[in-house]
Ligand code: UDP
Ligand code: MG
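Numbering (our numbering), first residue to last: 451 to 782.
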């Protein structure tokens, strides 16, 4: 498929990027972040105040916050003209909020960024340098995981290990949503039709010329993380089942191996009966075999159910998010 990326936008030719004055969209999903939004904006606006070649377009996506985040954002909009606010009708989750933000972003380059300043805004300047050199995607790779708990670090290691073994394309390790993307990449992402969106996977799937910059991930500046253990587990499952059907296929192999073992065992028993007379069958081995196989079958059915559920949700073709209102800047 050739993407019709020229529909709304004439791309910045690579040779023009060096001197181009550009609009930079920051896509910032926020969910109950009244403590952090103004800290974030202060830092970002100060950083870009001296850079005349970059016009800022900060798209906050209010992901159904139940605190005063929206009021804070509206107050800040009166102070900073470069803010737009997309108010979703409820909490749809970070992936959906990012999807909404990418649709609304206007910049030649777009950077999804967390509002808690864990993704340091100054890294965007290095990313822009790479973009000007001709890269379409510049990944922010974290070189430390000190700000995460032990459990989160371990689960991340295992997630990448398993995901990258069974899925294509591979997700680069320790790279989150924080990355710079050229307009062409954003248009490509906007064209992807699926409604269950595992953004890390989709980002990797679209490809494009990619560079990496490294950064140190800081502690959250204020407030609390929204991703507890259970949510992360579901997120990992989502990632694994979004980009691989290996978990489905594995049951065929497992089933075959177990069938082979039982066949060998049956042959062994028959031989034994022939050689040494009637055997009295053991009660415990029967129970072990029955429960083991029963458990295995249930896991297999669960796995199929996981995919069936995804197909079911996908087949409803519901939108990924619903927008209650978009608050544009005062100047337009
Ligand atoms: N977030 C969101 N919707 C959610 C959960 C989180 O928009 O349902 C936003 C949150 O406001 C923040 C970003 O996603 O800007 C990352 O969340 P958080 O810092 O809690 O995640 P962590 O950094 O701990 O993985
Ligand atoms: Mg965070």
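All residues carry an ideal CB built from backbone N, CA and C; glycine is no exception.
Please read all numbers here as calculations on a predicted model, not as lab measurements.
For residue 631, the beta-bridge partners assigned by DSSP are 560 and 587. Using a cutoff of 7 Å, the CB of residue 537 does not count as near the ligand UDP, since none of the ligand's heavy atoms is closer than that. Nearest to residue 761 by C-alpha distance, out of 504, 644 and 665, is 644.
Put simply, the residues with a CB less than 6 Å from any heavy atom of the ligand MG are 564, 566, 568, 670 and 675, in chain order. The C-alpha of residue 737 lies about 14 Å from the C-alpha of residue 712. Three or more pairs of CB atoms, one per stretch, sit closer than 8 Å, so the segment 666-678 contacts the segment 586-602.
Pairing residue 535 with residue 776, the inter-Cα distance amounts to about 6 Å.
Set against 7 Å, the gap from the CB of residue 547 to the closest heavy atom of the ligand UDP is smaller.
Following the DSSP letters along the chain, one finds residue 527 inside the alpha helix (DSSP H) bounded by residues 519-529. Between the C-alpha atoms of residue 617 and residue 694 there is a straight-line separation of about 5 Å. Remark: C-beta atoms of residue 654 and residue 697 do not approach each other more closely than 8 Å.
Excluding the 5 residues flanking it on each side, residue 473 has same chain C-beta neighbours closer than 7 Å at 505, 507, 556, 557 and 558, in chain order. Rounded to whole angstroms, the Cβ separation of residue 640 and residue 552 is 6 Å, and the two are in contact under 8 Å.
Taking the CA atoms as reference points, residue 610 sits about 10 Å from residue 625. For residue 738, DSSP records no beta bridge to any residue. Our two residues, residue 522 and residue 488, have alpha carbons roughly 8 Å apart in a direct line. When secondary structure is reduced to three states using DSSP, residue 623 falls in the coil class, being assigned neither helix nor strand.
DSSP, read as helix, strand or coil, puts residue 464 in helix.
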